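Residue numbers (the working numbering): 1 to 328. What follows is a single structure, written as structure tokens, with notes after it.
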Ligand SMILES: NC(=O)c1ccc[n+]([C@@H]2O[C@H](COP(=O)([O-])OP(=O)(O)OC[C@H]3O[C@@H](n4cnc5c(N)ncnc54)[C@H](OP(=O)(O)O)[C@@H]3O)[C@@H](O)[C@H]2O)c1
């Protein structure tokens, strides 16, 4: 059985709102040397897909969005040795996943182990590998560490807070609704703050007895800057890793001195999975915590691939909790 010559895909036709996403058939190539044809069974939606669609992270249009997908190998090109047709695989951080079938380099594939469904792999890989490097490599979180994690009921947040708790940390999470508060509390957060209705700086000071947290993980960006800096202890670490509310505005390094000789990093997953060994180690650590039960993956929303624009609308309107997936 040979693969079709076209595949149905979402394309971003120009930078803009969710309405620039268009569903239709595009040509499907054959796997060349070192390449593999994958049929997607589940596709992860991530906030980076929104930045790329909107043009905050510029990409030449038209392009196929999506940075995470899971499925089954249908065909392999010459010289491919690590996978064969029928194997379950995922790609992460390789753009172009809002599509039924794609050709991907063998070197980009992550094997999905037994005990992890395709849906969980698509829901967790990019978000969970992000949690992995944030908690283990940006800073070594462990017993005795107190962290603040903004958007704790989000896709990255729910995984990271469970993982941080499993590492022995005290976890303070912020959320935007009471429903999300309950979810965060059930998924690793020892303390939950509704930052839409409460002063999160005052609450963190109260919870930590005036000391402040060791690490503040902030993916909200514009709306939580600079207040997040006031939640840190002297010489604490501010990890700015996203822009869900918009980018952090330019600031003077002097503010880090004024707020307590703080450290700051602005990391991204690609630099923590730059080598094949790092990619494999990060994925393996994630699959370990999923299979041990330390981290449960919460799929809060499922949309048909054709309805990707609706998934983006929900994500941008803060209506999602946990991970969102597209079903081809
Ligand atoms: N640097 C990296 O390596 C890396 C990798 C992966 C993800 N990220 C970042 O991590 C963050 C989480 O990603 P995700 O895909 O899991 O998304 P998500 O957390 O599921 O969704 C974003 C959440 O941010 C909160 N938020 C606060 N203000 C918002 C606003 N004005 N607009 C939209 N959302 C707002 C909302 O939660 P509440 O309603 O609870 O406020 C919302 O649900 C994103 O910023 C993403 O870019 C960074």
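Glycine is no exception: its CB is placed at the ideal position from the N, C-alpha and C atoms. On a predicted model such as this, the values are computed, not experimentally measured, just so you know.
Under three-state DSSP, which class holds residue 325?
Walking along the chain shown from the start, residue 325 turns up at place 325. Looking at residue 325 - three-state DSSP - the assignment turns out to be strand.
With a floor of 3 residues, list each beta strand (DSSP E) that falls wholly inside the segment 47-105, ordered by position along the chain.
DSSP runs (the beta strand (DSSP E)) wholly in the segment 47-105: 68-76, 88-92, 101-105.
Does DSSP put residue 224 in a helix, in a strand, or in coil?
By one-based count along the chain shown, residue 224 stands at place 224. Residue 224: helix per DSSP, three-state reduction.
My guess is that residue 99 and residue 45 are in contact by the Cβ rule of under 8 Å, so how many angstroms apart are they, rounded?
Position 99 of the chain shown, counted from the first residue, corresponds to residue 99. Position 45 of the chain shown, counted from the first residue, corresponds to residue 45. That belief does not hold up - the Cβ atoms of residue 99 and residue 45 are roughly 13 Å apart, past 8 Å.
Taking Cβ positions, are residue 89 and residue 111 nearer each other than 8 Å?
As a first step, residue 89 is located in the chain shown; it is residue number 89 there, counting from the start. As a first step, residue 111 is located in the chain shown; it is residue number 111 there, counting from the start. Taking 8 Å as the Cβ cut-off, residue 89 and residue 111 qualify as a contacting pair.
Hey, does residue 127 have any beta-carbon neighbour from chain D nearer than 8 Å?
This model lacks chain D altogether; it includes just one protein chain.
Are three or more beta carbon pairs between the segment 74-89 and the segment 5-20 nearer than 8 Å?
no
Which residues bound the beta strand (DSSP E) around residue 112?
Mapped onto the chain shown, residue 112 falls at position 112. Neither: residue 112 is in no beta strand (DSSP E) and is coded neither H nor E.
What residues in its chain sit with their C-beta under 6 Å from that of residue 184, if we drop five residues either side in the sequence?
As a position in the chain shown, residue 184 is number 184, starting the count at 1. Only 152, 153, 173, 175, 192 meet the Cβ criterion.
Quick check on this structure: which residue in 95, 104, 54, 51 has the alpha carbon closest to the alpha carbon of residue 72?
Here residue 72 refers to the residue found at position 72 when the chain shown is read from its first residue. For residue 72, the nearest C-alpha among the options comes from 104.
Can you tell me whether residue 265 is buried or exposed? The criterion is at least 16 other CB atoms within 10 Å of its CB, across all chains shown.
Translated into positions along the chain shown, residue 265 becomes position 265. So residue 265 ends up on the exposed side.
Enclosing alpha helix (DSSP H) for residue 158 [first to last residue]:
Sequence index remark: in the chain shown, residue 158 carries index 158 (1-based). Residues 155-166.
For residue 66 versus residue 97, is the C-beta spacing smaller than 8 Å?
In the chain shown, residue 66 corresponds to position 66, counting from 1. In the chain shown, residue 97 corresponds to position 97, counting from 1. Closer than 8 Å, so yes.
In chain order, what residues of the same chain lie with their CB nearer than 6 Å to the CB of residue 33, ignoring the 5 residues before and after it?
Locating residue 33 in the chain shown gives position 33, where the first residue counts as 1. Contacts found: 77, 78, 79.
With residue 236 and residue 214 assumed to form a contact (beta carbons below 8 Å), what rounded beta-carbon distance in angstroms separates them?
The residue you call residue 236 lines up with position 236 of the chain shown. The residue you call residue 214 lines up with position 214 of the chain shown. With 8 Å as the limit, residue 236 and residue 214 qualify as a contact, their Cβ atoms being about 6 Å apart.
Element boundaries [beta strand (DSSP E), containing residue 11]:
Sequence index remark: in the chain shown, residue 11 carries index 11 (1-based). 6-12 is the extent of the beta strand (DSSP E) around residue 11.
So residue 124 and residue 286 are supposed to be a Cβ contact under 8 Å. How far apart are they, rounded?
Against the chain shown, residue 124 aligns to sequence position 124. Against the chain shown, residue 286 aligns to sequence position 286. Contact holds; Cβ gap of about 7 Å.
Apart from the five residues on each side of it in sequence, which residues of its chain come closer than 6 Å, Cβ to Cβ, to residue 223?
By one-based count along the chain shown, residue 223 stands at place 223. Answer for residue 223: 245, listed in chain order.
First and last residue of the uninterrupted alpha helix (DSSP H) at residue 292
For the purposes of this step, residue 292 is taken as the residue at position 292 of the chain shown. Per DSSP, residue 292 belongs to the alpha helix (DSSP H) from 276-292.
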